[in-house]
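S.K.: With the first letter of the sequence shown counted as 1, position 9 gets the number 374 in the numbering used here; the numbers rise by one all the way through. We put the beta carbon where it would ideally sit given N, CA and C, even for glycine. If you scroll down you'll find the structure; I have some questions about it.
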Amino acid sequence: MSIVTVAVVLGLPFLTGHGEKRPGLAGITGRAGGLSTDSDSLVVEALSKRAGYTRPVGLLPIYGFDGIALETPVFKSWWDGRASIAAGKLHEINANTVVLGQIWKDSIRFHDTVARMHGAGVKVIIQVTDVPDWVDLRDDASGRPQPVPNTFVSGRAAHVLAEARNQGVGTFADFILIGGDATTYASQLQRQKMYQITKQYFPNTPIVRRYGMELDKAEAMLSQPHPMGGNWEDYRFGADECDIALVTVGRGVDEGRVGVRVKAALEQLNHIVSIVKSRHNEAGIIVTAQLADEKLLNNNKTAMWSSKELDQFVSAMLTSTEVDGLLLKGLGLYSYDLGNPEFEAQRTAFRDAAPRVSPTEAVSHGQAIERSPASSESLIQSE
366 MSIVTVAVVL GLPFLTGHGE KRPGLAGITG RAGGLSTDSD SLVVEALSKR
416 AGYTRPVGLL PIYGFDGIAL ETPVFKSWWD GRASIAAGKL HEINANTVVL
466 GQIWKDSIRF HDTVARMHGA GVKVIIQVTD VPDWVDLRDD ASGRPQPVPN
516 TFVSGRAAHV LAEARNQGVG TFADFILIGG DATTYASQLQ RQKMYQITKQ
566 YFPNTPIVRR YGMELDKAEA MLSQPHPMGG NWEDYRFGAD ECDIALVTVG
616 RGVDEGRVGV RVKAALEQLN HIVSIVKSRH NEAGIIVTAQ LADEKLLNNN
666 KTAMWSSKEL DQFVSAMLTS TEVDGLLLKG LGLYSYDLGN PEFEAQRTAF
716 RDAAPRVSPT EAVSHGQAIE RSPASSESLI QSE
């Protein structure tokens, strides 16, 4: 099934490699580990706070794209494949946030791109670490790299984090994404350690982590053995793993099928939100949705949602006061995503569906959100 994602905010005692808790800053290294004497006070302050994310009053929900090809899209996008005008085009369709990946590894490109995005009023989520920075990988029978059990280490990641900090990621990124797409390689204790280590280098930047279908799967398989060791119970979502949780929700249709069942997707989202909030009520939540399976988006023009589907899906995801934003998966990454020049009507629908007032403000002022409200009667049931 295609997917939707959600994000959470947190902060704990430092965790050793064996999952043992140590109070305060015990176990945090000196300059070689990424800290200088001058930055110690900032780290102490950051790690003493309860992790979480609170969107400032009046700030619109995050709205944009989870991944974007700025210069070499798979087709000639409606911004002509030129990064110099992509930010302006994003602004035209009311996108205010994009995930840009590890572009900080190219210093010149990183600073130029961030400057253009910020100049157009678009915030950036920059990925810092990926799966192989934390665990070893080995190809499976089909040639796909898979995490190897009992290989979790933080040394490689610490080197990457230090390099990213030296490139100014903490200064220029609005949010930092850690860990990569796969999260089942790390247990709850390991994810907490990943958060603590990352906060040593970026004490003042919100930390985002992806969560896929395994978030819900862990709840149903608590006593079952996990491929990476231990039981699924050890991999449940827990407090202090991140500042913002980016959680995956299906489209409500079987894999390989076109369209979306908005009511089913909303039910999944509400279930995931309940899991996240029950473990950490202050967690921030961002929803990310994929319009179709990757194979369909690359080969089937009819995989694109209709304008009505887009409008009602956005409405359903963003009417909740618990959700801090929505990011659609990919722009210019697939042959038939919203970046395709042929889908002008869908881009217009995306633009018009953008929230004009935050859900919290709407509730506090007793007013309706300036979009069609999602209801069980109005939600699309595409088959």
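#1: Work out the CA separation of residue 648 and residue 418 for me, nearest whole Å.
#2: Run through the segment 441–466 for me and flag every whole beta strand (DSSP E) of 3 or more residues, listed as ranges in chain order.
#3: Going by DSSP in three states, residue 521 sits in which element: helix, strand or coil?
#4: Check the C-beta distance from residue 651 over to residue 689 and give it rounded, since I have them as a contact under 8 Å.
#5: Measuring alpha carbon to alpha carbon, tell me which residue in 502, 638, 501, 447 is nearest residue 609.
#6: Considering only C-alpha positions, which residue in the set 463, 502, 532, 509 is nearest to residue 593?
#7: What is the DSSP secondary structure of residue 429, counted as helix, strand or coil?
#8: Closest to residue 612 by C-alpha separation, out of 673, 542, 513, would be which residue?
#9: Within 10 angstroms of its Cβ, does residue 583 collect 16 or more other Cβ (buried), or is it exposed?
#10: When we look at the beta-carbon of residue 563 and count the other beta-carbons within 10 Å, is it buried (16 or more) or exposed?
#11: Just to confirm, is the Cβ distance from residue 465 to residue 427 under 8 Å?
#12: Could you check how far apart the C-beta atoms of residue 602 and residue 572 are, in whole angstroms? I think they sit under 8 Å.
#13: DSSP three-state label for residue 514, please.
#14: Going by DSSP in three states, residue 495 sits in which element: helix, strand or coil?
#15: Would you call the CB atoms of residue 550 and residue 500 closer than 8 Å?
#16: Put residue 478 into one of helix, strand or coil per three-state DSSP.
#17: Which residues in the same chain as residue 482 place their Cβ atom closer than 6 Å to its Cβ, once the five residues preceding and following it in sequence are excluded?
#18: What whole-angstrom Cβ distance do residue 567 and residue 530 have, given they're in contact under 8 Å?
#19: May I ask you to report which of helix, strand or coil DSSP gives residue 549?
#20: Based on DSSP bridge pairs, tell me the residues matched to residue 693.
#21: Assuming residue 504 is part of the beta strand (DSSP E), what are its boundary residues?
#22: Do you know how far the Cα of residue 552 is from the Cα of residue 346?
#23: Sort 665, 600, 526, 605 by Cα distance to residue 585 and report the nearest one.
#24: Counting only the same chain and skipping the five closest in sequence on each side, list residues whose C-beta sits under 8 Å from that of residue 486.
#25: Figure out for me which residue from 588, 494, 694, 606 has the closest Cα to the Cα of residue 431.
#26: Just to confirm, are residue 678 and residue 625 a CB contact at a threshold of 8 Å?
#27: If you check the beta carbons only, do residue 681 and residue 627 fall under 8 Å apart?
#28: Between which two residues does the beta strand (DSSP E) containing residue 637 stretch?
#29: To the nearest angstrom, how far is it from the Cα of residue 472 to the Cα of residue 448?
#30: For residue 575 and residue 720, what's the separation of their Cα atoms in angstroms?
#31: For residue 656 and residue 434, I'd like the C-alpha separation in whole angstroms.
#32: Leaving out the 5 sequence neighbours to the left and right, which residues in its chain are closer than 6 Å to residue 479 when beta-carbon positions are compared?
#33: Applying the criterion that 16 or more other CB atoms from any shown protein chain within 10 Å of the CB defines a buried residue, is residue 512 buried or exposed?
#34: Which residue from 700, 646, 718 puts its Cα closest to that of residue 674?
#35: Measure from the alpha carbon of residue 662 to the alpha carbon of each residue in 687, 708, 686, then state which is nearest.
M.R.: For this structure:
#1: Each residue's Cα considered, the two are about 6 Å apart.
#2: 462–466
#3: helix
#4: 5 Å
#5: 638
#6: 502
#7: strand
#8: 542
#9: Residue 583 comes out buried.
#10: It is buried - the Cβ of residue 563 has at least 16 other Cβ atoms within 10 Å.
#11: no
#12: The pair is not a contact, with the Cβ atoms about 15 Å apart (cut-off 8 Å).
#13: Reduced to three states, the DSSP call for residue 514 is coil.
#14: Residue 495 falls in the coil class under three-state DSSP.
#15: yes
#16: Residue state, collapsed to three classes: helix.
#17: By the criterion of a C-beta distance shorter than 6 Å, residue 482 is surrounded in its chain by 452, 489, once the five residues flanking it on both sides are discounted.
#18: 7 Å
#19: For residue 549, the secondary structure class from DSSP, reduced to helix, strand or coil, is coil.
#20: 430, 654
#21: 502–504
#22: The requested residue 346 does not occur in the structure, where the chain is confined to residues 366 to 748.
#23: The residue with the shortest Cα to Cα distance from residue 585 is 600.
#24: 456, 461
#25: 694
#26: Cβ distance < 8 Å, so residue 678 and residue 625 count as in contact.
#27: Remark: C-beta atoms of residue 681 and residue 627 approach each other more closely than 8 Å.
#28: Residue 637 -> not in any beta strand (DSSP E); alpha helix (DSSP H) instead, spanning 627–644.
#29: In a straight line, the C-alpha of residue 472 is about 15 Å away from that of residue 448.
#30: 23 Å
#31: 17 Å
#32: 489, 537
#33: buried
#34: 718
#35: Checking every option, the nearest Cα to that of residue 662 belongs to 708.
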